[in-house]
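Chains as they are written, first to last, in our numbering: chain A, 1 to 385; chain B, 1001 to 1385.
Reviewing the structure listed below.
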C-alpha cells in the first residue's frame, strides 16, 4: 500500500451562486486544484455530492463534470454518504492512489442548494439523510432530530441554550479571516440568544446555513509528491464508520458511536491519539453535533464537550482549535462539498498558509464529516510537509 | 497491488417486489453472498444505486443497508454512475481490496423502481442520467435519445427495425434458463414486430423493462480466495471511462467512445483482446445499445453489430455468446443493480454453474455496464478458477 499526499487544493467562495451551475462550480474548484499541482489532467475524478438528483434534476454528474472540466474520457464516479459525501469521495481517491491503480486523482465535493425552489424543498431534500420509514415520514427533519438531541443533552448534563453559543461565536470569529466564507463576520452571544427558532431549542444560530460551493484536492503517491509541490500534505489516516440511520435504534442517543469508531480507526492507522492533534475541523452542522463529536473523538469527557467550548479551549490559542476557517456554521455548509472544504482548510493550516487564522506550529490535524445524525462518519488525519 | 477474487454471489429474483423495501432486497442479496463465502461480516460494503433519492425518498442508503443487514459500524458508501452504478460499486470494492486496505468487501447493487408512483415518474427519474440542460429539459428521455441513435444507425447502415430483433429473441431464449429472470420465456420475431412503440423506432421489445432487484458479490485478496471458496473467480480487469453526457457533444453519435476506452483499458490490464472472450454480458438496455457496444469493444466492425446478431454469433454456441442469462431485456433491468447482476451471472458461467445456459468451457468473460447513452462505461473481465 502506498502513502498518499495532497498536492493541490481549490475552492469557490461559499454562498448563493445564482449565476453558476453545479458543473461550473465544480470545474472552478477542479481547475484551481490542478493548477496548484501544476497538472493539466489526472487519472481519475471522484465527486462527492448528495442532492443533485433531488435538487438540480441531474444524476450522473461525475461524467458531466469531467466533460465540462476538459477531462473527457477520464475515470469518474460520484460517491454519496449524505452530508459526508465529500469526505467519502476523498476516501475513494485515497484508495485509488494507495492501491497503485492511479497516480494522480482529483477529488471534488460540490453542492448547489440554491437550485431548490424554496427552503422547504431544501429541508425536505436534506431529510433524505435520515431514516425515511422511521423518521422523515413522521415529520422529523434533520433540524428536528438535532433539536431532540440538544434537548436531551441539556436535560442530562444541566446545560442551558446559551452554553452552546461559544461554538457559534468561535466559528464566526474565525470565518472573518477566510475570504471563501459565506458569513465572514463575528457574532455576539446576544445575537445568538436573539436568533429565531428553527426547531426549539435549535435556533438559526445553532444551525449551519445551506449553501452552494465546490472544493477540490489533487492526490498523488507520497514518494512522488515533491515533484509536484513543496507543500505536499500527507494523508496519515482515512476511516469510515457507520451507525443506524434512525436515532431510536442506537444504544445511547447522546453518544455518536460512528464518530467514535471512525476516530479510533483513524488514530490507529496514523498511530496517534486525540492529544496529538493541533487542530480539528469539526462537523458543526448544529452546535450539538460539535459537542457530541468532540466527546466521541476523545477531546472531552461525556457531557463536557460544551464546557470545552465555554472554557475557550476550542479557540485559535486553545487546547484544540476547531472550525479554524469558520466551520460549517460560518464558512457555510454546501452539504456534499463540506467534507472537501474541511480538507482544503486543513491543508492551508498544515502548510502554514492560513493567514490571520494560522494555528501556530500546526503539524497534525484532523477533519471529521458526519452524514445524517451520525449514520456515516468519516475521519481524516493530515500531516504537515 | 493485490489480485482480487470473487468468493460469494447472491441475487434476488428480478421483478416487481411490492412487498419488500429497498433495504430488504439489498439485505437478501448480501446475506446470500456472505453465506456462500462462509462469512458473517466483511470489512466494508459498497452499494451501487441510482434512484433511491428520487424514487424511494431515501439517500444515505449504504449506512442504512449496513445496519439492516446486521453489519452496523462497517465502512459503507454509496456509488452512483447512472445505470452503471452497480459496476462502479464493484470498481470501488476492487480498489479497496487491491490497495491492501480491506481484506473482505461486499459489493451490492440495488434498485427499487416499483416505488415510483407511475411509469412517467420512473421515466423522468431515468432521465436524470442524460444531460439535464441540453437533453432532458427539452423532453429527450433516455428512450427518446436511443430512438435517435437507432434511427441514425438504420439510416447509416441500411438496417431495418426487424434486423435488431435477434438481440431480443436471443435474450429471452436465454432467460428461460434463469430462475432469477423477470421474463423467463422465449419471444418470437413476430411478437417483436407487433410490440407497441415507446419512441419510434424503439418499441417495448427493444427496451429492457425497469424492475426491482438486488445482487451482491463478496471480494477478497486472490491469495486468500481458496480459504473461502473452491470456485473463486479472479477479477482480471476493472476499468471506467467517461464521455460527454449529451450526445450532440460527441464526435460521432454512433461510436461509443466511452465503451471503446473502457474496453481498451480492460484488455490492457488483463493482457487479452476481444478474441479471447468466451462470453460477453452486454448492456442491452436498448437493442441499439447492444449493437453499439459490440462494435466499440471490437467484437464487430462499425455497422456490423446487428449482422453479428443476425448471423447467430451472439447465441450460446456462437462466436461470442451475449446476455447468457437473459440480459437486461429479459432478466430485467433494476437500474443501479444491473451491473452487479451481470457480474453474478458471469461468475456462474465461469464456475460452470450456469445450468441450461452454460457456455461450454468458459474461461474468460467480460461484462460492460453503461450509464446514460454512454456517458459512463465500466468494463470488468473475469477469469475462471
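Idealized CB from N, CA, C, for every residue including glycine.
Requested in this report: Closer than 7 angstroms by C-beta to residue 1017(B): which residues in its own chain qualify, once you throw out the five before and the five after it? Chain order, please.
Outcome: 1025, 1114, 1212
Query raised in the report: Roughly how many angstroms lie between the CA atoms of residue 269(A) and residue 1219(B), to the nearest whole one?
Result: 22 angstroms
**Report entry** Through-space distance from residue 168(A) to residue 1242(B), alpha-carbon basis
**Finding:** 43 angstroms
Query raised in the report: Just reading off the beta strand (DSSP E) that residue 1221(B) is part of, what are its end residues?
Result: 1213–1221
Query raised in the report: In whole angstroms, what separates the C-alpha of residue 1369(B) from that of residue 1355(B)?
Result: 24 angstroms
Query raised in the report: For chain A, is any of its Cβ atoms less than 8 angstroms away from the one on residue 1043(B)?
Result: no
Query raised in the report: Taking just the CA atoms, how far does residue 1012(B) sit from residue 1028(B)?
Result: 7 angstroms
**Report entry** Sub-8 angstroms separation of residue 84(A) and residue 289(A) beta-carbons
**Finding:** no
Query raised in the report: From residue 194(A) to residue 206(A), what distance separates their C-alpha atoms?
Result: 12 angstroms
Report task. Quick one: list the residues of chain B neighbouring residue 74(A), beta-carbon separation under 9 angstroms, in chain order. Result -> 1240, 1241, 1242
Query raised in the report: Based on Cα-Cα distance, which residue from 1361(B), 1335(B), 1333(B) lies nearest to residue 1321(B)?
Result: 1361(B)
Query raised in the report: In chain B, what lies closer than 9 angstroms to residue 138(A) by C-beta?
Result: Chain B residues near residue 138(A): none, gap ~13 angstroms exceeds 9 angstroms.
Query raised in the report: Any idea what DSSP makes of residue 1079(B), helix, strand or coil?
Result: strand
Report task. Consider the Cβ of residue 388(A): report whether some Cβ of chain B lies at a distance smaller than 8 angstroms. Result -> Residue 388(A) cannot be examined here, being either before or after the span of chain A that is shown, 1 to 385.
Query raised in the report: residue 375(A) CB to nearest chain B CB: under 8 angstroms?
Result: yes
Requested in this report: With a cut-off of 8 angstroms on the beta carbons, I'd call residue 30(A) and residue 10(A) a contact; round off their distance for me.
Outcome: 7 angstroms
Query - Any C-beta of chain A under 8 angstroms from that of residue 1190(B) - result: no
**Report entry** Exposure label - residue 942(B); buried when at least 16 CB within 10 Å
**Finding:** Absent from the structure is residue 942(B), since the part of chain B shown begins at 1001 and ends at 1385.
Report task. Assuming residue 1365(B) contacts residue 1349(B) (C-beta within less than 8 angstroms), just tell me the rounded distance between them. Result -> 6 angstroms
Report task. Output, in chain order, the set of chain A residues within a Cβ distance shorter than 9 angstroms of residue 1113(B). Result -> Going along chain A, no residue has its Cβ under 9 angstroms from residue 1113(B), so there is no contact; the nearest lies around 14 angstroms.
**Report entry** Contacts around residue 1064(B), its chain only, beta-carbon distance under 8 angstroms, and the 5 residues preceding and following it disregarded
**Finding:** 1023, 1058
Report task. Could you check what DSSP says for residue 2(A) in three-state terms: helix, strand or coil? Result -> coil
Report task. Would you please verify whether the beta carbon of residue 1339(B) is less than 8 angstroms from any beta carbon of chain A? Result -> no
Report task. May I ask which residues mark the beginning and end of the beta strand (DSSP E) holding residue 1288(B)? Result -> It is not in any beta strand (DSSP E) - residue 1288(B) instead sits in the alpha helix (DSSP H) that spans 1287–1296.
Query raised in the report: Taking only beta-carbon atoms, is residue 77(A) less than 8 angstroms away from chain B?
Result: yes
Query - Length at least 4, wholly inside the region 28–68 of chain A: the alpha helix (DSSP H) runs in chain order - result: 61–68
Query raised in the report: Beta-carbon of residue 1054(B) versus every beta-carbon of chain A: anything under 8 angstroms?
Result: yes
Query - Closest residue to residue 1244(B) among 60(A), 41(A), 47(A), 52(A) (Cα-Cα distance) - result: 60(A)
Report task. Just tell me which of 1086(B), 1033(B), 1112(B) has its CA closest to the CA of residue 1048(B). Result -> 1086(B)
Requested in this report: Anything in chain A within Cβ reach of residue 1293(B), meaning under 8 angstroms, just list it in chain order.
Outcome: Per Cβ cutoff of 8 angstroms: no residues; residue 1293(B) is ~17 angstroms from chain A at best.
Query raised in the report: From which residue to which residue does the alpha helix (DSSP H) around residue 1366(B) run?
Result: Per DSSP, residue 1366(B) belongs to no alpha helix (DSSP H); it is in the beta strand (DSSP E), 1364–1371.
**Report entry** CB-CB length for residue 42(A) against residue 130(A), believed under 8 angstroms
**Finding:** That belief does not hold up - the Cβ atoms of residue 42(A) and residue 130(A) are roughly 35 angstroms apart, past 8 angstroms.
Query raised in the report: Which residue or residues does DSSP assign as beta-bridge partners of residue 110(A)?
Result: 214(A)
Query raised in the report: Is residue 1197(B) buried or exposed, if buried means 16 or more other CB atoms sit within 10 Å of its CB?
Result: exposed
Requested in this report: Flag residue 132(A) as yes if its beta-carbon sits less than 8 angstroms from any beta-carbon of chain B, otherwise no.
Outcome: yes
**Report entry** Test: residue 80(A) CB closer than 8 angstroms to a CB of chain B
**Finding:** yes
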